[in-house]
């Protein structure tokens, strides 16, 4: 059986890579440089793996899965330990709502291809607006769902989405003072090994200037 | 027990409303006009329901869930008949990948708040680019996953995402000729009653000029 082998990368792989680490699943990373050669995600080879031309993509059990949350849900269903979704359906709904808010409501608006379209001089303002608008909502939601982590006291898929998004916020110099709950949970998560090894600044192909 | 009661609306509610219809769940719609009064989704009342200030939001079983896929997954876990996710984990992964591609990779780039930022004269080009780029990937994926519907021969969450996105494509005058699989599945789905009652053009608050 071929092992999991994500054609994943740096900025894009935070969530799924942390899931693989938490579940102790061994995998091979194929770094995709989103800038070099006009973006290696546009190569024919990568496009055959993931038509969306986006990272990450996971090749596992004979299939290739694109989209971070679809990857994490598949890992959860086929390798359930430790759980990344709570047992209680209502808590599961909160986890998915937060995950969707981040990966569908914030991340797509500040990804590389959108920022290219926006033009260099408007990029920072555009990204900051997308992130603060999403974080305003997220902070309010977390105030009623969070315990030690995003939903209660167990690490969940929502936490896997939070950490790379906060890293992006820092990259775009978003002031995190108005988001005490987001900041507190992020700090607590970063103390866990799975989040350290999968953090964008630690990926094998991270440029030296972005490394921790 | 309070019944499901989505504070849902028009353009935003296609997927979850079709899920409610397919599962024969009775509900009350509170139309939110995204344009009138500067956007009713920004009202304090709606913001308390959904901090993301986006439609749809579903109030059900004592909790409020925002984000379309989180709503559908909750309905699936608590009201499993008829199934909107296949049994096989690999097929479930395909359903989620397609759903995430549409709701996370296409829809957020052409929603109302983004188009406002882009400015009126660039809106059409911007929306068309987001949709064609996503549809190019989607068409390629569907060619290997589709049967009668997006994944195999059973209606799934992916189909619930497809129909409103094709409606958006038509609204933005995207040429659908290059997407025979998308078009064929959309047409097949529109013959089903659940998709007719939940179609954007049939919502109670749809302006007359957009009605079928």
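Protein chains in written order, with UniProt numbering: chain D, 1 to 212; chain Z, 1 to 212.
Heads up, the beta-carbon is just placed ideally off N, CA and C, and yes, glycines get one too.
Any non-hydrogen atom of the ligand GDP closer than 7 angstroms to residue i Cβ
i	result
residue 156/Z	The ligand GDP is not part of this structure, which contains no ligands at all.
Closer than 7 angstroms at the beta carbon, the chain D residues around residue i
i	result
residue 79/Z	Ordered by position in chain D, no residue passes the 7 angstroms Cβ test against residue 79/Z, which lies about 10 angstroms from the chain.
Enclosing alpha helix (DSSP H) for residue i [first to last residue]
i	result
residue 75/D	68–78
residue 124/D	123–145
residue 185/Z	180–190
residue 116/D	112–118
residue 91/D	89–100
residue 150/D	Per DSSP, residue 150/D belongs to no alpha helix (DSSP H) and is neither H nor E.
residue 46/D	44–49
residue 33/D	Counting along the chain, residue 33/D falls outside any alpha helix (DSSP H), and DSSP gives it neither H nor E.
residue 155/Z	Counting along the chain, residue 155/Z falls outside any alpha helix (DSSP H), and DSSP gives it neither H nor E.
residue 198/Z	193–198
residue 14/D	14–22
Interface residues of chain D facing residue i [CB-CB closer than 8 angstroms]
i	result
residue 67/Z	96, 97, 100, 101, 104 and 105
residue 158/Z	What residue 158/Z touches in chain D: nothing, since even the nearest Cβ is about 10 angstroms away.
Under 7 angstroms from the C-beta of residue i: neighbouring residues of chain Z
i	result
residue 297/D	The shown model of chain D, from 1 to 212, leaves out residue 297/D, and the question about it has no answer.
residue 19/D	Near residue 19/D there are no residues of chain Z at all, since even the closest Cβ is about 13 angstroms away, more than 7 angstroms.
residue 70/D	93, 96, 97 and 100
Buried versus exposed call for residue i [16 or more other C-beta atoms within 10 Å across all chains shown]
i	result
residue 197/Z	exposed
residue 73/Z	buried
residue 116/Z	exposed
residue 120/D	exposed
residue 19/Z	buried
residue 105/D	buried
residue 108/D	buried
residue 51/D	buried
residue 48/Z	exposed
residue 194/Z	buried
residue 118/D	buried
residue 191/D	exposed
residue 10/Z	With a pLDDT of 35 at residue 10/Z, under the threshold of 50, the predicted position of this residue should be treated as unreliable, though the coordinate-derived value follows. Buried.
Reference residue i; option with closest CA among the options
i	options	result
residue 179/D	191/D, 172/D and 143/D	143/D
residue 127/Z	166/Z, 97/Z, 99/Z and 183/Z	166/Z
residue 140/Z	107/D, 30/D and 66/D	66/D
residue 75/D	59/D, 170/D and 130/D	59/D
residue 110/Z	168/Z, 20/Z, 161/Z and 64/Z	168/Z
residue 161/D	47/D, 132/D, 84/D and 122/D	84/D
residue 63/Z	70/D, 113/D and 88/D	88/D
residue 113/Z	38/Z, 194/Z and 125/Z	38/Z
residue 82/D	21/D, 131/D and 181/D	21/D
residue 27/D	132/D, 61/D and 125/D	61/D
Contacts of residue i in chain Z (Cβ-Cβ under 8 angstroms)
i	result
residue 140/D	51
residue 73/D	92, 93 and 96
residue 61/D	90
residue 169/D	Under the 8 angstroms cutoff, chain Z gives no residues; its nearest Cβ is about 17 angstroms from residue 169/D.
residue 194/D	Near residue 194/D there are no residues of chain Z at all, since even the closest Cβ is about 22 angstroms away, more than 8 angstroms.
Own chain, CB closer than 7 angstroms to residue i, minus 5 neighbours either side, in chain order
i	result
residue 101/Z	134, 137 and 138
residue 68/Z	15, 16, 56 and 103
residue 153/D	147
residue 130/Z	106, 109 and 110
residue 181/D	139, 142, 143 and 146
residue 174/D	128, 131 and 132
Under 7 angstroms from the C-beta of residue i: neighbouring residues of chain A
i	result
residue 16/D	In the displayed structure, chain A is absent; the protein chains listed are D and Z.
Terminal residues of the beta strand (DSSP E) in which residue i lies
i	result
residue 109/D	Unbroken run through residue 109/D: none, as it is neither H nor E.
residue 176/D	From DSSP, residue 176/D is part of no beta strand (DSSP E); its letter is neither H nor E.
residue 85/D	It is not in any beta strand (DSSP E) - residue 85/D carries neither H nor E in the DSSP assignment.
residue 59/Z	57–60
8 angstroms CB neighbourhood of residue i in its chain, flanking five on each side removed
i	result
residue 151/D	86, 91, 94, 95, 98, 145 and 158
residue 79/D	23 and 25
residue 149/Z	155, 156, 158, 159, 185, 188 and 189
residue 170/Z	176
residue 172/Z	110, 124, 127, 128 and 131
Chain-ordered chain Z contacts of residue i [CB-CB under 9 angstroms]
i	result
residue 127/D	Near residue 127/D there are no residues of chain Z at all, since even the closest Cβ is about 12 angstroms away, more than 9 angstroms.
Same chain, Cβ closer than 6 angstroms to residue i, neighbours up to 5 away in sequence not counted
i	result
residue 2/D	Since pLDDT at residue 2/D reaches only 29, below the 50 mark, its modelled position is unreliable, and the value read off the structure follows with that caveat. Excluding sequence neighbours, residue 2/D sits near nothing in its chain.
residue 123/D	115
residue 176/D	183
Proximal chain D residues relative to residue i, where beta-carbon distance stays under 9 angstroms
i	result
residue 146/Z	Near residue 146/Z there are no residues of chain D at all, since even the closest Cβ is about 14 angstroms away, more than 9 angstroms.
residue 191/Z	Residues of chain D passing the Cβ test: none, with the nearest at roughly 27 angstroms.
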